[in-house]
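Take a look at the structure below.
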Amino acid sequence: MKTFLERDSASSSFAEALRFTLQWEGGYVNHPMDKGGPTNKGVTQIIYDAFRR
2 MKTFLERDSA SSSFAEALRF TLQWEGGYVN HPMDKGGPTN KGVTQIIYDA
52 FRR
């Protein structure tokens, strides 16, 4: 039986992209030379804060 993410085309594409991204993105990083600032699994703190509003 397929999951919802596998049944819905857009969700399936998202699930595939998420699997790919998480394969390359590690955990929390805050490297001083990275202009993006603190990042966790490819999501910057700035983007996360904007999403939470």
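Residue numbers (the working numbering): 2 to 54. Each residue gets a CB set at the ideal place from its N, CA and C atoms; glycine is no exception. The model shown is predicted, which means the values in this text are computed figures rather than measured ones.
Residue 20: first and last residue of the uninterrupted alpha helix (DSSP H) it sits in: 10-25
Out of 29, 33 and 53, which one is the CA nearest neighbour of residue 43? 29
Test: residue 30 CB closer than 8 Å to a CB of chain D: Looking for chain D here will not work: only one protein chain is present.
Decide if residue 22 is buried, meaning its Cβ has at least 16 other Cβ atoms within 10 Å, or exposed. exposed
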